[in-house]
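Engineer: Questions regarding the structure given below will be posed in turn.
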Amino acid sequence: MLWSIWAASQLVALASPPPADSAEAIRARLLAFAPAIDAADGQPVAFHLRVAGCECAAPAALALSGMRSVDLRARLAPPSLPYALIVFDAQSRLIYAGPAQLAGCGTSIAAASLLPRLLATSGAAPLISPAQCGCPTDSKESLS
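For what it's worth, the working numbering labels the leading residue of the sequence shown as 1, then goes sequentially.
In structure tokens:
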């Protein structure tokens, strides 16, 4: 009986999603990591970070039209900031925090390819994904 109660409580704990990061918390940790940055200059800005556990070669910071790019990969980001790419819109509102490469079945895609659509959807909730980084791969590579 006691064992079944313990097992049920563990299953409930496993089923509950991890607490989501808030945009304000991400901004505060980013400013603590790099206090000299300024995300409020009237244009979108993308911050590129080096995240622990992401062993693939980091691509060069993408320069997107109309977006400032800040490369912070010279030093390792703290564990409390597990996002390789953090993007704010022109009003300094967080729109994306997550891996620079989105992995799935087959070839991964650059998260930067999503940015124009995310920037165009004003008022939408930010896309925050603490997923592990995805390394660019060839879809013909073995999964073993």
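Backbone N, C-alpha and C fix where the C-beta goes; we use that ideal spot for every residue, glycine too. Please read all numbers here as calculations on a predicted model, not as lab measurements.
#1: Would you kindly work out how many angstroms separate the C-alpha atoms of ARG50 and ALA90, rounded to a whole number?
#2: Around the C-beta of ILE95, are 16 or more other C-beta atoms found within 10 angstroms, so that it is buried, or is it exposed?
#3: Beta carbon of ILE128: closer than 7 Å to some heavy atom of the ligand FMN?
#4: Between LEU114 and LEU30, how many whole angstroms is the CB-CB distance? I'm expecting something under 8 Å.
#5: Who are LEU127's beta bridge partners in DSSP?
#6: Quick one: does ILE109 have its CB under 8 Å from some CB of chain C?
#7: Identify, in the order they occur along the chain, each residue of the same chain with its Cβ nearer than 8 Å to the Cβ of ILE162, setting aside the five sequence neighbours on each side.
#8: Which of the three DSSP states is assigned to SER69 in this structure?
#9: Compute the beta-carbon to beta-carbon distance between ALA84 and ALA100, rounded to the nearest angstrom, for a pair I have assumed lies under 8 Å.
#10: Is the Cβ-Cβ distance between GLN72 and ALA34 less than 8 Å?
#11: Would you mind working out which of GLY66, MET67, ALA52, ARG68 sits nearest ALA74, comparing C-alpha positions?
Structural biologist: In brief:
#1: 24 Å
#2: buried
#3: Questions concerning the ligand FMN fall outside what the structure shown contains, since it holds no ligand whatsoever.
#4: Actually they do not touch by this definition, with Cβ atoms about 19 Å apart.
#5: TYR96
#6: Of the protein chains in the structure, only one exists, and it is not chain C.
#7: Beyond the ends of the chain as shown, which are 1 and 144, falls residue 162; an answer cannot be given.
#8: strand
#9: 4 Å
#10: With the sequence shown as reference, residue 72 is identified as Leu, and Gln is not the correct amino acid for it. A contact, by the Cβ cut-off of 8 Å.
#11: ALA52
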